[in-house]
């Protein structure tokens, strides 16, 4: 090949790269932005595997984001028969086994609450975002984004994002030693298909227990102290970048008295602080518990049960819990 | 503080009549637990009086360091009016017991502790772990179930808020649908 031929060959390769692999040109932030939009707006169905610790579960998901409301049906394919159907803020959970979750009405999710620009700007200061390169998941080309925390008080993530659609096809929650705590991965997925309403109907008979159904209002303004513990409370320590998003008092199914609930987030990790007056018939809790990458720490402070739950390391939930105290008036 | 020092000093010097009948009964008891408690009171008195040379000799600092390093998992803290303070020092039992209680009551649960991901022991089918732990803790099965419900409620509430506030990293409700009590077949 002549020198001119080599030159044009090189130019063609560069142009071909830009044309055929637009993801290469995307920054990690742009990919994450696309991922956020896709997760709610795309129509797709697929089968994925959810793994935490030694346990592996297979589930089928059907999702429609093109309709008037976001709809999703999640069905377990292994283990006990379970089904969760979401339609906007309405959620119905059906379980065939008694050994299941959700015994109470929950607060609604409010998709409009999520500010796409805000978290990404904040994330850059708190996490190192890096595109690690390409990989294949469920037969589709993905870009792998590694989200590494700057400080060890929160977890990292590795995200496999579909190059074509931006859909998250695989995700791993990583501890500070880069060990996987929890993982979700599509085995097969079809994106952009027409999904009729029937696909979102329940596959389970009415004999199955309906543990939970609600159609609640959007989360309103904080009902600070409205009916919660008499004292006001402060959380004096939080990891850098965590901001308060909610402060509510409400009764729960497990406790008929109001429970104060603070919610903090850095845009990627979330921490909840629950404060509840200890009654004589309540057995106080003290110590850690764990589900997947979610840690909880409970203790008793000033005759109140304080529990911190978060997708952060156990040392972080413990330190936050230790900083919860009644507000003192000067 | 002055009063406490006086009381503890009186305790150590056998001036029990100044401390009150409850402490007198404690010292009159001859059980091993009571003797340990007495030793702790003595140590506290020594610390308050002269800065703790004896405490140092008794290895108090090292034991405190060990206890901190052990970083106990979930302890069902005793009700203050009903149980002695030493029950706070029994790690892991309450959590394992409350795990097992779920099966008994059919209580819903989110929290699962599984081998490899946690240091907590796990109640196995057919084991009498629950009964043993329940006995040693003095926490009834209904109390454990109530703890369980509360913790579940917290975690479910957390999960719902998480979904609306952060980047979507996992499908909403995946932890709930994928929950499996690993202690069951």
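Protein chains in written order, with my numbering: chain F, 1 to 330; chain X, 1001 to 1185.
Just so you know, even glycine gets a beta-carbon here, dropped at the ideal spot from N, CA and C.
Just so it is clear, the structure is predicted and the values come from calculations on it, not from any experiment.
Quick one: what does DSSP say residue i is sitting in, helix, strand or coil?
i                       : result
residue 156 of chain F  : strand
residue 135 of chain F  : strand
residue 179 of chain F  : coil
residue 62 of chain F   : strand
residue 123 of chain F  : helix
residue 314 of chain F  : helix
residue 200 of chain F  : helix
residue 192 of chain F  : coil
residue 343 of chain F  : Shown here, chain F extends from 1 to 330; a query on residue 343 of chain F therefore has no answer.
residue 1107 of chain X : Any reading at residue 1107 of chain X needs caution, since the residue's pLDDT is 28, under 50, leaving its predicted position unreliable; the model's value is listed next. Coil, per DSSP.
residue 325 of chain F  : strand
residue 292 of chain F  : coil
residue 141 of chain F  : strand
residue 242 of chain F  : coil
residue 1156 of chain X : helix
residue 1142 of chain X : helix
residue 55 of chain F   : strand
residue 172 of chain F  : strand
residue 37 of chain F   : helix
residue 1097 of chain X : Only weak support exists for where residue 1097 of chain X lies, its pLDDT of 30 falling under 50; the coordinates are left without a value.
residue 167 of chain F  : coil
residue 32 of chain F   : helix
Looking at residue i: is its Cβ nearer than 8 Å to the Cβ of residue j?
i                       : j                       : result
residue 145 of chain F  : residue 268 of chain F  : no
residue 38 of chain F   : residue 129 of chain F  : no
residue 322 of chain F  : residue 272 of chain F  : no
residue 242 of chain F  : residue 261 of chain F  : no
residue 171 of chain F  : residue 1169 of chain X : yes
residue 186 of chain F  : residue 87 of chain F   : no
residue 44 of chain F   : residue 137 of chain F  : no
residue 126 of chain F  : residue 240 of chain F  : yes
residue 300 of chain F  : residue 324 of chain F  : no
residue 134 of chain F  : residue 143 of chain F  : yes
residue 314 of chain F  : residue 295 of chain F  : yes
residue 90 of chain F   : residue 202 of chain F  : no
residue 169 of chain F  : residue 175 of chain F  : no
residue 65 of chain F   : residue 40 of chain F   : yes
residue 292 of chain F  : residue 182 of chain F  : yes
residue 316 of chain F  : residue 153 of chain F  : yes
residue 1139 of chain X : residue 283 of chain F  : yes
residue 184 of chain F  : residue 297 of chain F  : no
residue 70 of chain F   : residue 61 of chain F   : no
residue 319 of chain F  : residue 237 of chain F  : yes
residue 247 of chain F  : residue 122 of chain F  : no
residue 81 of chain F   : residue 74 of chain F   : no
residue 245 of chain F  : residue 263 of chain F  : yes
residue 191 of chain F  : residue 42 of chain F   : yes
residue 289 of chain F  : residue 1151 of chain X : yes
Identify the residues that DSSP records as bridge partners of residue i: which are they?
i                       : result
residue 305 of chain F  : F:276 and F:300
residue 149 of chain F  : F:127
residue 287 of chain F  : F:298
residue 1169 of chain X : Note: residue 1169 of chain X sits in no beta bridge, so no partner.
residue 233 of chain F  : F:326
residue 47 of chain F   : F:60 and F:188
residue 258 of chain F  : F:251
residue 1177 of chain X : Answer is none; residue 1177 of chain X lacks a bridge partner.
residue 71 of chain F   : F:64 and F:87
residue 76 of chain F   : F:59
residue 162 of chain F  : F:142
residue 27 of chain F   : Paired residue(s): none; residue 27 of chain F is not in a bridge.
residue 265 of chain F  : F:243 and F:270
Just to make sure I have the definition right: I need the residues of chain A whose C-beta is within less than 9 Å of the C-beta of residue i. Which are they?
i                      : result
residue 157 of chain F : The displayed structure is made up of protein chains F and X, and chain A is not among them.
- Task: Report the residues of the segment 229–248 of chain F with a CB closer than 9 Å to any CB of chain X, ordered along the chain.
- Result: 245 and 246
- Going along the chain, which residues of the segment 267–282 of chain F sit with their C-beta nearer than 9 Å to a C-beta in chain X? 267, 268, 269, 270, 271, 272, 274, 276, 278, 280, 281 and 282
- Chain-ordered residues of the segment 65–94 of chain F with a beta carbon less than 9 Å from chain X: 72, 74, 75, 76, 78, 79, 80, 82, 83, 84, 86, 91 and 93
- Query: Quick one, which residues of the segment 178–189 of chain F are near chain X if we go by CB-CB under 8 Å, in chain order?
  - Reply: 181, 182 and 184
- Message: For the segment 287–311 of chain F, list every residue whose C-beta sits within 8 Å of some C-beta in chain X, in sequence order.
- Response: 287, 288, 289, 290, 291, 292, 294, 296, 298, 299, 300, 305, 307, 309, 310 and 311
- Query: Residues in the segment 44–61 of chain F with C-beta within 8 Å of chain X's C-beta atoms, listed in sequence order?
  - Reply: 48, 50, 52, 53, 54, 55, 57, 59 and 61
- Task: Determine which residues of the segment 189–203 of chain F have a Cβ less than 9 Å from any Cβ of chain X, and write them out in chain order.
- Result: none
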